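Input: a single structure, listed below in structure tokens.
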Amino acid sequence: MDSTLGLRERKKAETRQSVHEAAVRLVEEHGLDAVTVEAIADAANISRRTFSNYFDGKEAAILWGEERRFHTLLAEVRAQPSSVPAWQALRTAVQDLSVRMGPPGGEWATRTRLAKRHPALLARQLANHAALERELAQAISEHPGPIQPRVMAAACLSALRVAVNAWVEEQQTRTLAEVCDEIFEEMGRSFT
């Protein structure tokens, strides 16, 4: 956790993480339809009202870890010099994200499996991906490249989706960073 955050911000981050972990655990154990917001709040030792201060529903609580990585990925893309070609900026941002946030834990694989099993969760995840695609396209629009930024952003998200699914299917025998690198290398040949 970032040591530059104040006590209040650290407490908020800890609460959000606690709610997220409770939501993932309960849905993995009981299924999405059987878990209520109240049950998640109880498991996180907070009130229903406090839950609503952090998340707009159980799907948001479950996907929070992924959304946090998305925001960090966007920051990493925006930090790339505009002279760097678009695909390289995206690939470097993914690599930097892996270094900055560390490898995803088993929770990432669990979220991926849960989204595949629960249409409501998958719908929320797809909506998040569509928003990220727009933001990524805007972030790389100043970078040189032979392909429109929106297509490049969609390709990046497709590469990430394929990498995460392959990583989960391989039962995490390699690191997600290794799988991403392999897929980005393969896709990158099309953009150069």
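In this text, residue positions in the sequence shown follow the numbering used here: the first is 3, and each later residue adds one. The beta-carbon is built from N, C-alpha and C at its ideal position, and this holds for glycine as well. Please read these numbers as outputs of a predicted model, since none were measured by experiment.
Exposure label - residue i; buried when at least 16 CB within 10 Å
i, result
"E61", "buried"
"V208", "Because residue 208 is not part of the residues shown, which for the chain are 3 to 194, the question remains open."
"E172", "exposed"
"H32", "exposed"
"P148", "exposed"
"L75", "buried"
"R115", "exposed"
Cutoff 7 Å; reference residue i; Cβ partners in own chain excluding five residues on either side
i, result
"A156", "E135"
"L117", "It should be pointed out that residue 117 corresponds to Ala in this sequence rather than to Leu. Hits under 7 Å: L123, L124 and Q127."
"W89", "G147, M154, G190 and F193"
Residue i, DSSP secondary structure in three states
i, result
"G147", "coil"
"T112", "helix"
"F57", "coil"
"E172", "coil"
"H73", "helix"
Cβ-heavy atom distance, residue i to the ligand ADP, below 8 Å
i, result
"Q140", "This structure lacks the ligand ADP, and indeed carries no ligand of any kind."
Nearest-angstrom beta carbon gap, residue j and residue i [assumed within contact, 8 Å]
i, j, result
"L2", "C182", "The question about residue 2 has no answer here: the residues shown for the chain are numbered 3 through 194."
"H120", "L34", "4 Å"
"E11", "G67", "18 Å between Cβ atoms; not a contact."
Cutoff 6 Å; reference residue i; Cβ partners in own chain excluding five residues on either side
i, result
"Q140", "none"
"E78", "A95, D98 and L99"
"W169", "L178 and V181"
8 Å CB neighbourhood of residue i in its chain, flanking five on each side removed
i, result
"R2", "The structure shown does not extend to residue 2, since the chain spans only 3 to 194, so no value can be given for it."
"Q174", "G108 and A111"
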